[in-house]
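A.B. asks:
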Amino acid sequence: MNKKLLSKILPLTLSTGFLWGGLPAVNMTSMQFTNINVVEAAKTAAKNWNFSHDLGSWSYSGKWGYTGTPSLEYDKTAGGAGRLAVDFSGDADKSWSEVKIRPSEMNDSTPLALSGYNVLTYNFYFDSAAMQEGAFKTKLYMKSNTGKEIVNTYTDIDIASAKPVAGTSLKKVTVRLPFTAADADITYMELSVVGCNTNYKGALYVNNVTLGHENVKDGYVQKTARAVKKDKIELSKLILPTQVNLADGKATESTAQLYAYLKSIAGSGKVLYGHQNDMHKKAGIGPSDSDTYDMVGDYPAVVGIDGLALTGSEMSLTDEEKAAGMTFIDKAVQVAIKANQKGAIITLSNHMPNFADVAKRGKINGQYDYSGYSPNVTTGDVVSRIMPGGDLNEVYRGYLDMVAQYDKRLQDLDIPVLYRPFHECNGSWFWWGAAFCSPSQYKNLYRYTEEYLRDAKGLHNILYVYSPGGPVTSEADYLTRYPGDAFVDIAAFDMYHRDPAKTDDWMTSLDATMDVMKAFAKDHDKIPAASEVGILVGNSAMLKSGNQRLDWFNEILRNISQHGMAYFMTWSNFDETNFDEPYMVSPSRGHEMVNQFIDFYNKPQVIFAGQMPDYRKIEVTEQAAAKTYGYIVSPNSYDRILDSQTLKANISGKSDNVQFVYKKDGAAVASVKAVKTANGLYSAEITKSDLTKIGKSMGTVDLVIDGKTADSVKVIFNIPQPPKDISLVDDFEGYYGDNGLLQAVYSTNNGAGCSVSPTLSTKHSGGDTGLAFTYKINKNGYAGIIKNMNGADWSAYNAIQFWLTPDGKKQKLIIQINTNGEDFEADLSSYTVGTTPTLVTIPFSQFKGKQNGKFDKSNIQHFAIYCNTVGDTVVDSTMYFDDIKAVK
Numbered sequence: 011m012n013k014k015l016l017s018k019i020l021p022l023t024l025s026t027g028f029l030w031g032g033l034p035a036v037n038m039t040s041m042q043f044t045n046i047n048v049v050e051a052a053k054t055a056a057k058n059w060n061f062s063h064d065l066g067s068w069s070y071s072g073k074w075g076y077t078g079t080p081s082l083e084y085d086k087t088a089g090g091a092g093r094l095a096v097d098f099s100g101d102a103d104k105s106w107s108e109v110k111i112r113p114s115e116m117n118d119s120t121p122l123a124l125s126g127y128n129v130l131t132y133n134f135y136f137d138s139a140a141m142q143e144g145a146f147k148t149k150l151y152m153k154s155n156t157g158k159e160i161v162n163t164y165t166d167i168d169i170a171s172a173k174p175v176a177g178t179s180l181k182k183v184t185v186r187l188p189f190t191a192a193d194a195d196i197t198y199m200e201l202s203v204v205g206c207n208t209n210y211k212g213a214l215y216v217n218n219v220t221l222g223h224e225n226v227k228d229g230y231v232q233k234t235a236r237a238v239k240k241d242k243i244e245l246s247k248l249i250l251p252t253q254v255n256l257a258d259g260k261a262t263e264s265t266a267q268l269y270a271y272l273k274s275i276a277g278s279g280k281v282l283y284g285h286q287n288d289m290h291k292k293a294g295i296g297p298s299d300s301d302t303y304d305m306v307g308d309y310p311a312v313v314g315i316d317g318l319a320l321t322g323s324e325m326s327l328t329d330e331e332k333a334a335g336m337t338f339i340d341k342a343v344q345v346a347i348k349a350n351q352k353g354a355i356i357t358l359s360n361h362m363p364n365f366a367d368v369a370k371r372g373k374i375n376g377q378y379d380y381s382g383y384s385p386n387v388t389t390g391d392v393v394s395r396i397m398p399g400g401d402l403n404e405v406y407r408g409y410l411d412m413v414a415q416y417d418k419r420l421q422d423l424d425i426p427v428l429y430r431p432f433h434e435c436n437g438s439w440f441w442w443g444a445a446f447c448s449p450s451q452y453k454n455l456y457r458y459t460e461e462y463l464r465d466a467k468g469l470h471n472i473l474y475v476y477s478p479g480g481p482v483t484s485e486a487d488y489l490t491r492y493p494g495d496a497f498v499d500i501a502a503f504d505m506y507h508r509d510p511a512k513t514d515d516w517m518t519s520l521d522a523t524m525d526v527m528k529a530f531a532k533d534h535d536k537i538p539a540a541s542e543v544g545i546l547v548g549n550s551a552m553l554k555s556g557n558q559r560l561d562w563f564n565e566i567l568r569n570i571s572q573h574g575m576a577y578f579m580t581w582s583n584f585d586e587t588n589f590d591e592p593y594m595v596s597p598s599r600g601h602e603m604v605n606q607f608i609d610f611y612n613k614p615q616v617i618f619a620g621q622m623p624d625y626r627k628i629e630v631t632e633q634a635a636a637k638t639y640g641y642i643v644s645p646n647s648y649d650r651i652l653d654s655q656t657l658k659a660n661i662s663g664k665s666d667n668v669q670f671v672y673k674k675d676g677a678a679v680a681s682v683k684a685v686k687t688a689n690g691l692y693s694a695e696i697t698k699s700d701l702t703k704i705g706k707s708m709g710t711v712d713l714v715i716d717g718k719t720a721d722s723v724k725v726i727f728n729i730p731q732p733p734k735d736i737s738l739v740d741d742f743e744g745y746y747g748d749n750g751l752l753q754a755v756y757s758t759n760n761g762a763g764c765s766v767s768p769t770l771s772t773k774h775s776g777g778d779t780g781l782a783f784t785y786k787i788n789k790n791g792y793a794g795i796i797k798n799m800n801g802a803d804w805s806a807y808n809a810i811q812f813w814l815t816p817d818g819k820k821q822k823l824i825i826q827i828n829t830n831g832e833d834f835e836a837d838l839s840s841y842t843v844g845t846t847p848t849l850v851t852i853p854f855s856q857f858k859g860k861q862n863g864k865f866d867k868s869n870i871q872h873f874a875i876y877c878n879t880v881g882d883t884v885v886d887s888t889m890y891f892d893d894i895k896a897v898k
C-alpha cells in the first residue's frame, strides 16, 4: 500500500485501519437486523458530564500502543476537569498511541438509548509549552447490550485552532466527534486521546463531555438492487493443469489442488473477489459478521487476515471469550474455519512489528510481546539484524513461531493458506522497504522466512505470494526484489486508485501493469493476481458520500477479468471512517455505492464464495518449481569487496559442482570452487589475487551450480567508501557511472500512470556527475525519489542547499525531509517556471510538518524529491540536481 506517503499515513490507512489495535470485533452471532438500525436522529435532551465538582463514574480504562502508566483524576482547573496524566515521550515514533477513559454508569443494568444522539463534543486542554511536536487524535467507541459494536470513529484534534486560557500555559479546543445515529442500547462507551508522533509529557484536561444531536444528512441511499443467486463454477468447464510446480515440492494435496484451481481461473475470463478482514471487521451495522454478506448474502471468495490479528491489534476477544481462555490465535483460526466452510480461500498478510522495538520491551513471562503497530518504524537496520547470526534473529524466530502456530492449526484441518509477507517492498514506508535493505537482503529475508516455515516448522499448506507495489512498468522492474521462481507461487501486486476523478487514466495504468504481470506469470509459470486494489481519497480510503466513481467495482471487474488475474482483493472495512467496500446500515439503506456493488456481484465474471467449487476434487500431481536452487548469502548487493573474504551460499537439492564466478563488465574474470561446510552453507574465499585481476570496478559475484547461474549479486570491487560527510545528502560522485548503484540507493514512489527514474547526468555543478530526475506525471499524479539518511544528525546546520536546473514545466516541486518519522515539506513550485540553473537554499524553518510536529535536526530519516501535477495534461520531463547538502 503506498500512495504518496503523505507521509507514512496512507499505507497505515490501507493496511492497518489507522492502527486500530485491540478494537472489539463484531460478534458473530445475531443474523437479524433486530433493533440495531441506523435512524434519523431525533432531537433529544443532551447528556452532559461537565466535571465541575468530580468525575462521576469516569475513570481510566486502558491503553494501546502506549508504554507508560497514565491516570485520570479530578482537577479544579478550567472550572473542573478530568486531569489525564500522560507521557508520550516513549512512543514518539508511533503514529497511534492511545489512552482510554470511560463512564462506568453505562452498563447492562443502566444502558443509554443512543437513538437521539449523533455527535459527541468535549473541551480539550493541553500545555502549549509541552506540545513541541506531533499531534493528537480522539476516538469514540460504543457497543450495545448485545455486544455489537455500534460506534467506532475518530477525528483529528485541531490544536492549531486552540485558544489560550488566560493566566495559564494551557490552550483549549472544542473537539467534535460526529457518528451515525442508531437505535441501540449502549452499555459500553470509551473515549480516547491518541498521541500521533508526539513527545508530549504532562497533563491533558477534559471537561464538558456532551452527547448531543445535530441536523445532518447521513448520505445513505435506499437499496434498490437485488442480489441474484449464482451457480457454482463447474470444474469440468475449466482448463485444469494436470501437474503444478510449487515453491514447496512437498505441499499438501489440497494446496496443490488449490493452486491448480487458481491457475485455471486465471485463464478463464473470470476472477475471484477478495476482501480483507471480511469476517471480523465491519463498517456497517448489518446483522452478519460481514459487510459483504449484508449486501449480497454471500461472502468473498478470498478472505484476508493479517498477522496483526494474531497479536490482538486487529482482533479482539469478548469478556466471555477471555473467561473461556480463548486466545487471539484461537479466534483467528475460527475465522479461517468459517471462511473455509463457506467456500472461501484464506490469505494471510503480515504487517510485522519492528523487531528492534520488540527487543527493547524485553520478554514478559518468557515471551516477546509482538503487539502494537510498528512496521512503519523504519529505524534499527531490522532486516540485517533478524537474519541468522543477527542479534534479533531469536526475536524474529519467535514471531515466525507464532505464525507457524496459527498455520499448523489450519494445516491439521486441511485448510491451505495464501501467505503474503513483506508486501510493497519497493516502497519505503515499511522497515523491509527499498530504502532500508538492498535487493539481495530483501530476497534473502523472504527466502529465509519461507525456508523456516516450510523446512524448520514443517508447514506444507502454504502458497507463497510476492506483491510489490504497482504500477509495474516491466518484467525487469518486477524482478528487482523478486525472491526467485523457487520461492514464489503467486506473482501479485498492490495498486490503489488515488483520488479518483470521473475521468482519469488509472484504469489504463492498471491495464498496463496487468499486461506486464500476465506476461511475467506466463514466463515464470506463476499465477498472476492483484493482491490489493482499492480507492484512496485524501488520507483515507473510500468516502462515506461524494465518491466520484460510484461504479468503480464494475469498472475494475471489466479490466481485471480481461487480463487473466486469478483474484483481486480490496482492503478492510474497519469503520465508517476507514473502509474499502460499501456496507449496509439497515435492511433497506446503505452506503452510496451499495447498489452498484450488488450489480457487480451479479456479473458472471466475478466469483464469490457461494460459487466456489470443491477444488479438492481436482486430480493433479505436483513437483517443486526448482529441484535444485541456490542463493548467495554473502556478500549482499552493493557491498564493497576490498580484501579477501569468505563468500557464502545456501543450496538446496542435488549439486555436483558449485562455483562463485567474479564478473567485470559482464565477462568472467576469475572463479573459485565452493565447498559445503559443517553448517550446511557452501563457501569459498575471494583472494587478493582475484581482486587484483578484477581491479577497481562495479561487477558481480555469481553463484553457478552445475554450469547454470543460480544467483547474482552486484558488488563494488576495490573501491573504498568515500569519507563520510554527515552534512551531505549526495554529490553523485560515488556511483562510478553505474545507474544501478544509484537506483539501489534511491527508492521511488509514484502514482498510477506516473513514473520517475533517477539517473546520473553530465549536467552538474561540480565534479563529474549530477542527478537527472526524469519524471512522467498525469492528472492528480506525483512521482518522487527517496534516500534513507539513517538518522543523520544535522544539529549543526540550519538549511538544505542544492543546485537545481528546473524544466520550465510549472509543476509542483516538493522537497521532503523526514525527521522522527514525520514528513516535513517545502514547496519550490516557484522555481519550476524557468530553466535557469540555480543554487537553492531552504532554511529548515520553512519546512512544514504533516502532523504539525517540530523539525528535529538531530534525527534525519530520509530526504526526498517529489514532483506533483499542476493541471490536467501529462508532463514528461527532466530536472537536474547536484550537491545536495545541509548548510549552516
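Take 11 as the starting number for the sequence shown in the numbering used here and just add one per residue. Each residue gets a CB set at the ideal place from its N, CA and C atoms; glycine is no exception. All values derive from a computational prediction rather than experimental measurement.
Three-state secondary structure (DSSP) at Lys292?
C.D. replies: Lys292: coil per DSSP, three-state reduction.
A.B. asks: Taking the straight line between their C-alpha atoms, what separation do you get for Glu434 and Met397?
C.D. replies: Taking the straight line from one Cα to the other gives about 20 Å.
A.B. asks: Would Met305 pass as a contact of Phe607 if the rule is Cβ separation under 9 Å?
C.D. replies: Yes. Within cutoff.
A.B. asks: What first and last residue would you give for the beta strand (DSSP E) that runs through Ser644?
C.D. replies: Residues 639-644.
A.B. asks: Output the distance between the C-alpha atoms of Ser757 and Lys797, rounded to the nearest integer angstrom.
C.D. replies: The straight-line gap from Cα to Cα measures roughly 7 Å.
A.B. asks: Cα separation between Gly844 and Leu838?
C.D. replies: Cα to Cα, Gly844 sits roughly 12 Å from Leu838.
A.B. asks: Tell me whether Ile736, by its Cβ, gets closer than 8 Å to a heavy atom of the ligand ATP.
C.D. replies: Summarising the ligand content, the structure contains no ligands, and the ligand ATP is consequently not present.
A.B. asks: Can you give me the C-alpha to C-alpha distance between Met505 and Gly761, rounded to a whole angstrom?
C.D. replies: Taking the straight line from one Cα to the other gives about 9 Å.
A.B. asks: Can you confirm whether the stretch 542-559 touches the stretch 252-266 when touching is taken to mean that 3 or more C-beta pairs between the two stretches lie within less than 8 Å?
C.D. replies: As far as the Cβ criterion goes, the stretch 252-266 does not touch the stretch 542-559, which means the pair count is below three.
A.B. asks: By the 10 Å Cβ neighbour count, where 16 or more other Cβ atoms means buried, how is Asp866 classified, buried or exposed?
C.D. replies: With 16 or more other Cβ atoms within 10 Å, it is buried.
A.B. asks: Exposed or buried, what is Leu489 when buried is set at 16 or more other beta-carbons lying within 10 Å of its beta-carbon?
C.D. replies: Exposed, by the Cβ-count rule.
A.B. asks: Cα separation between Ala319 and Leu402?
C.D. replies: Their Cα atoms are separated by approximately 23 Å.
A.B. asks: What is the C-beta distance between Phe496 and Ala257, in whole angstroms, given that I count them as a contact (C-beta under 8 Å)?
C.D. replies: Going by the sequence as given, residue 496 is Ala instead of Phe. With 8 Å as the limit, Ala496 and Ala257 qualify as a contact, their Cβ atoms being about 6 Å apart.
A.B. asks: Kindly list the residues whose CB is nearer than 7 Å to the CB of Asn749, restricted to its own chain and excluding five residues on each side of it in sequence; keep chain order.
C.D. replies: Contacts found: Thr769, Leu770.
A.B. asks: Output needed for Ser274: all residues of its chain with C-beta closer than 6 Å, excluding positions within five of it in sequence on either side, in chain order.
C.D. replies: Here the set comprises Leu248, Ile249, Leu250.
A.B. asks: Give the secondary structure of Met889 by DSSP, where H, G and I count as helix, E and B as strand, and everything else as coil.
C.D. replies: Met889: strand per DSSP, three-state reduction.
A.B. asks: The beta strand (DSSP E) spanning Glu695 covers which residue range?
C.D. replies: Where Glu695 is concerned, the enclosing beta strand (DSSP E) stretches over 692-696.
A.B. asks: Met527 by DSSP, collapsed to three states: which one?
C.D. replies: Met527: helix per DSSP, three-state reduction.
A.B. asks: Using only the alpha-carbon positions, how far apart do Thr39 and Leu221 sit?
C.D. replies: Here Thr39 scores only 32 on pLDDT, less than 50, and its place in the model is too uncertain to base an answer on.
A.B. asks: Pull up the distance between the alpha-carbon of Gly3 and that of Ser381, whole angstroms please.
C.D. replies: The question about residue 3 has no answer, for the chain in this structure spans 11 to 898.
A.B. asks: How about Lys204 and Tyr135: do their beta carbons lie closer than 9 Å?
C.D. replies: The sequence given here places Val at residue 204; Lys does not occur at that position. No, they are not a contact pair.
A.B. asks: How many Å lie between Glu695 and Ser654 at the Cα?
C.D. replies: Answer to the nearest angstrom: the Cα atoms are 7 Å apart.
A.B. asks: Using only alpha-carbon positions, find the residue among Ile356, Gly544, Gly408, Met362 that is nearest to Gly376.
C.D. replies: Among Ile356, Gly544, Gly408, Met362, the Cα nearest to that of Gly376 is on Gly408.
A.B. asks: From Val231 to Asn287, what does the alpha carbon distance come to, in whole angstroms?
C.D. replies: Cα to Cα, Val231 sits roughly 25 Å from Asn287.
A.B. asks: Looking at the secondary structure, which residues open and close the alpha helix (DSSP H) in which Ala91 lies?
C.D. replies: Premise fails: Ala91 lies in the beta strand (DSSP E), 91-97, not in any alpha helix (DSSP H).
A.B. asks: For Met708, list the residues DSSP reports as bridge partners.
C.D. replies: BP columns for Met708 point to Ile726.
A.B. asks: Kindly indicate the opening and closing residues of the alpha helix (DSSP H) around Asp241.
C.D. replies: No alpha helix (DSSP H) contains Asp241, which DSSP labels as neither H nor E.
A.B. asks: Where does the unbroken beta strand (DSSP E) through Leu197 begin, and where does it stop?
C.D. replies: Sequence check: residue 197 is Thr here, not Leu. 195-206 is the extent of the beta strand (DSSP E) around Thr197.
A.B. asks: Under three-state DSSP, which class holds Gln633?
C.D. replies: It is a strand residue.
A.B. asks: Taking the alpha-carbon of Thr234 as reference, which of Leu180, Gly600, Asp893 has the nearest alpha-carbon?
C.D. replies: For the residues Leu180, Gly600, Asp893, the minimum Cα distance to Thr234 belongs to Gly600.
A.B. asks: Can you grab the Cα-Cα spacing for the pair Leu65 / Leu94, in whole Å?
C.D. replies: For Leu65 and Leu94, the distance between alpha carbons rounds to 12 Å.
A.B. asks: Measuring only the C-alpha atoms, how far is Thr54 from Asp509?
C.D. replies: Going from the Cα of Thr54 to the Cα of Asp509 covers about 38 Å.
A.B. asks: Here's the rule: buried if 16 or more other CB atoms are within 10 angstroms of the residue's CB, otherwise exposed. What is Pro493?
C.D. replies: It is buried - the Cβ of Pro493 has at least 16 other Cβ atoms within 10 Å.
A.B. asks: Could you work out which residue in Met579, Val897, Asn564 is closest to Ser541 when comparing CA atoms only?
C.D. replies: When only C-alpha atoms are compared, the closest one is Met579.
A.B. asks: Answer with buried or exposed for Arg626, where buried requires no fewer than 16 other C-beta atoms within 10 angstroms of its C-beta.
C.D. replies: Exposed is the call here.
A.B. asks: If you follow the alpha helix (DSSP H) that Lys453 is in, where does it begin and where does it stop?
C.D. replies: Here the alpha helix (DSSP H) through Lys453 covers 449-461.
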